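A.B. asks:
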């Protein structure tokens with residue numbers, strides 16, 4: 006039996022909605038098959054008011070064991086580090102989180118706001134929001150760079166806007182069944198099993214990316230990286246391996262990946278012209294290039310490949326096709 010407490014800070018509840026749509030396993034499976042006991046959740050918990058306050062006090066006093074603290078939303082520290090913008094159970098939420106993090110077995114941050122601040126932390130950040138252990142790419146966040154839970158791990162980050170439902174339930178299963186020691190975390194504390202592949206892996210437009218064929222909204226075929234800001238080649242996530250609703254993904258539906266599992270999200274701090282549009286140098290060179298490539302090397306290679314691909318199409322050379330049904 007693993008007792009789970011779920012709290013929300015500066016959140017839109019998108020990750021809660023995602024969690025409730027999980028399929029492998031479902032939320033019901035968590036409870037009936039994997040020994041997860043949800044102590045309280047703001048959307049499905051039965052307790053209200055003083056009942057929740059007493060539960061939190063019992064956890065801190067050791068009268069109730071809490072194995073997993075799940076936190077959704079940013080840590081709101083404003084104004085002036087008082088946290089009073091986000092009151093919960095008669096005190097700032099940040100104070101509850103700080104004290105609970107010292108007594109729970111593991112801390113799991115769900116969604117971009119909880120992992121590294123997300124949209125609330127975009128400048129000028131009036132709520133003084135931060136993530137649990139990161140602020141954007143900088144390690145530290147609210148709990149500090151050296152924080153480890155009683156279970157011996159730092160905050161386990163499951164990013165996304167929202168996070169994929171099965172990423173959430175599967176990490177809870179790993180903890181509840183004592184297998185969290187088999188889960189490797191990357192430099193941003195993301196489980197490598199979900200965040201090693203790039204979104205581009207399995208994308209139905211990957212041939213167009215290789216051939217440097219531009220795509221766009223409403224077009225059939227073509228890669229969305231070149232004109233409409235797709236970040237699939239720079240974003241580590243299993244969206245095209247573990248499909249959403251077991252059906253599809255953004256890129257399979259001809260929508261650009263927004264890079265929401267990376268700590269820079271929202272990228273370029275939502276500056277004008279950075280959403281649904283590829284930002285360029287000199288009007289045609291993409292500012293952001295695929296992970297693992299030098300910009301100069303990519304520009305030279307991509308330019309050559311674009312010329313060759315365009316010439317082949319002009320001459321009627323048959324182009325390879327990608328079977329999206331597999």
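In the numbering used here, the protein residues as written are 6 to 331.
We treat Cβ as the ideally placed atom computed from N, Cα and C, and that holds for glycine.
All values reported here derive from a predicted model rather than from experimental measurement.
Short check: CB of residue 39 to CB of residue 177, under 9 Å?
C.D. replies: Within the chain shown, the letter at position 34 stands for residue 39. Within the chain shown, the letter at position 172 stands for residue 177. For residue 39 and residue 177, yes; Cβs fall inside 9 Å.
A.B. asks: According to DSSP, is residue 331 part of a helix, a strand, or is it coil?
C.D. replies: Locating residue 331 in the chain shown gives position 326, where the first residue counts as 1. Any reading at residue 331 is ruled out, since the residue's pLDDT is 44, under 50, leaving its predicted position unreliable.
A.B. asks: From 115, 127, 31, pick the residue whose C-alpha is nearest to that of residue 138; which is it?
C.D. replies: Taking the first residue of the chain shown as 1, we reach residue 138 at position 133. Checking every option, the nearest Cα to that of residue 138 belongs to 115.
A.B. asks: If you draw a straight line from the C-alpha of residue 204 to the C-alpha of residue 62, how long is it?
C.D. replies: Taking the chain shown and counting its residues from 1, the one referred to as residue 204 is at position 199. Taking the chain shown and counting its residues from 1, the one referred to as residue 62 is at position 57. Approximately 42 Å, taken between the alpha carbons.
A.B. asks: Since I believe residue 208 is in contact with residue 218 (beta carbons under 8 Å), could you give me their beta-carbon distance rounded to a whole number of angstroms?
C.D. replies: Position 213 of the chain shown, counted from the first residue, corresponds to residue 218. Position 203 of the chain shown, counted from the first residue, corresponds to residue 208. About 13 Å; that fails the 8 Å criterion.
A.B. asks: Check whether the Cβ atoms of residue 160 and residue 271 lie closer than 9 Å to each other.
C.D. replies: As a first step, residue 160 is located in the chain shown; it is residue number 155 there, counting from the start. As a first step, residue 271 is located in the chain shown; it is residue number 266 there, counting from the start. Not closer than 9 Å, so no.
A.B. asks: Closer than 7 Å by C-beta to residue 148: which residues in its own chain qualify, once you throw out the five before and the five after it? Chain order, please.
C.D. replies: Indexing the chain shown from 1 puts residue 148 at position 143. Hits under 7 Å: 106, 137, 138, 160.
A.B. asks: Can you name, in chain order, every residue of its own chain whose Cβ lies under 7 Å from the Cβ of residue 327, other than the five neighbours on each side?
C.D. replies: The residue you call residue 327 lines up with position 322 of the chain shown. With a pLDDT of only 48 at residue 327, under the threshold of 50, the placement of this residue in the model should not be trusted; the figure read from the coordinates follows. So the list reads 209, 211, 212, once near-sequence residues are dropped.
A.B. asks: Please classify residue 20: does DSSP put it in a helix, a strand, or coil?
C.D. replies: The count along the chain shown starts at 1 and reaches residue 20 at position 15. Of the three classes helix, strand and coil, the one that applies to residue 20 here is helix, per DSSP.
A.B. asks: So what does residue 96 bridge to, in DSSP terms?
C.D. replies: Here residue 96 refers to the residue found at position 91 when the chain shown is read from its first residue. In DSSP, residue 96 forms a bridge with 93.
A.B. asks: Relative to the alpha-carbon of residue 134, which residue among 251, 84, 27 has its alpha-carbon at the smallest distance?
C.D. replies: Taking the chain shown and counting its residues from 1, one reaches residue 134 at position 129. Taking only the C-alpha atoms, the option nearest residue 134 is 84.
A.B. asks: Between the alpha carbons of residue 196 and residue 172, how many angstroms are there, rounded?
C.D. replies: Residue mapping note: residue 196 aligns to position 191 of the chain shown, counting from 1. Residue mapping note: residue 172 aligns to position 167 of the chain shown, counting from 1. When rounded, the distance between both Cα atoms is 9 Å.
A.B. asks: With a threshold of 16 other CB atoms inside 10 Å of the CB of residue 98, please say whether the residue is buried or exposed.
C.D. replies: Here residue 98 refers to the residue found at position 93 of the chain shown. By the neighbour-count rule (16 or more Cβ atoms within 10 Å), residue 98 is buried.
A.B. asks: Just verifying my parser: in three-state terms, what is the DSSP assignment at residue 2?
C.D. replies: Residue 2 cannot be examined here, being either before or after the span of the chain that is shown, 6 to 331.
A.B. asks: Please give me, in chain order, every unbroken run of the alpha helix (DSSP H) with length at least 4 that falls completely inside the stretch 132-219.
C.D. replies: Listed in chain order, they are 170-181, 211-216.
A.B. asks: Just confirm the distance between the C-beta atoms of residue 60 and residue 45, as a whole number of angstroms; I'd bet it's less than 8 Å.
C.D. replies: Against the chain shown, residue 60 aligns to sequence position 55. Against the chain shown, residue 45 aligns to sequence position 40. That pair is a contact at about 6 Å.
A.B. asks: Where are the beta strand (DSSP E) runs, 3 residues long or more, that stay fully inside the stretch 60-124, in chain order?
C.D. replies: Runs found: 73-77, 111-115.
A.B. asks: With a CB to CB cut of under 6 Å and the five nearest residues on each side skipped, what residues in its chain are close to residue 12?
C.D. replies: If you number the chain shown from 1, residue 12 lands on position 7. Cβ neighbours of residue 12 beyond the five flanking positions: 76.
A.B. asks: Tell me which same chain residues have a C-beta within less than 6 Å of the C-beta of residue 20, skipping the five on either side of it?
C.D. replies: In the chain shown, the residue the question calls residue 20 occupies position 15. Here the set comprises 77, 115, 116, 167, 168.
A.B. asks: Distance, Cα to Cα, residue 111 vs residue 216?
C.D. replies: Looking up residue 111 in the chain shown gives position 106. Looking up residue 216 in the chain shown gives position 211. If you take the alpha carbons of residue 111 and residue 216, they lie about 45 Å apart.
A.B. asks: On the DSSP bridge assignment, give the partners of residue 15 in chain order.
C.D. replies: Position 10 of the chain shown, counted from the first residue, corresponds to residue 15. 79, per the DSSP bridge assignment.
A.B. asks: Please state whether the Cβ-Cβ distance between residue 58 and residue 95 is less than 9 Å.
C.D. replies: Residue numbering aside, residue 58 sits at position 53 when the chain shown is read from its first letter. Residue numbering aside, residue 95 sits at position 90 when the chain shown is read from its first letter. Yes, these two residues count as a Cβ contact at 9 Å.
A.B. asks: With a 10 Å radius around its C-beta and 16 neighbouring C-beta atoms as the bar for buried, classify residue 232 as buried or exposed.
C.D. replies: Here residue 232 corresponds to residue number 227 of the chain shown, with the count starting at 1. The residue in question, residue 232, is buried, as its Cβ has 16 or more Cβ neighbours within 10 Å.
A.B. asks: Taking the Cβ atom as the reference point for each residue, do residue 243 and residue 199 lie within a distance shorter than 9 Å?
C.D. replies: Within the chain shown, the letter at position 238 stands for residue 243. Within the chain shown, the letter at position 194 stands for residue 199. Yes.
A.B. asks: Leaving aside the five residues before and after residue 155 along the sequence, list all residues of the same chain whose C-beta is less than 6 Å from its C-beta, in chain order.
C.D. replies: Residue numbering aside, residue 155 sits at position 150 when the chain shown is read from its first letter. Around residue 155: 110.
A.B. asks: So, at 7 Å on beta carbons, what are the nonlocal neighbours of residue 254 in its own chain, with the 5 sequence-adjacent residues on each side left out?
C.D. replies: If you number the chain shown from 1, residue 254 lands on position 249. Around residue 254: 244, 245, 248.
A.B. asks: Considering only their Cβ atoms, is the gap separating residue 74 from residue 49 smaller than 9 Å?
C.D. replies: Reading the chain shown from its first residue, position 44 is the one you call residue 49. Reading the chain shown from its first residue, position 69 is the one you call residue 74. No, they are not a contact pair.
A.B. asks: When the Cα atoms are used, what is the spatial distance from residue 30 to residue 42?
C.D. replies: The sequence position of residue 30 within the chain shown is 25, counting from 1. The sequence position of residue 42 within the chain shown is 37, counting from 1. Their backbone Cα atoms lie some 15 Å apart in a straight line.
A.B. asks: Since residue 233 is in the beta strand (DSSP E), which residue starts that stretch and which ends it?
C.D. replies: Taking the first residue of the chain shown as 1, we reach residue 233 at position 228. Per DSSP, residue 233 belongs to no beta strand (DSSP E) and is neither H nor E.
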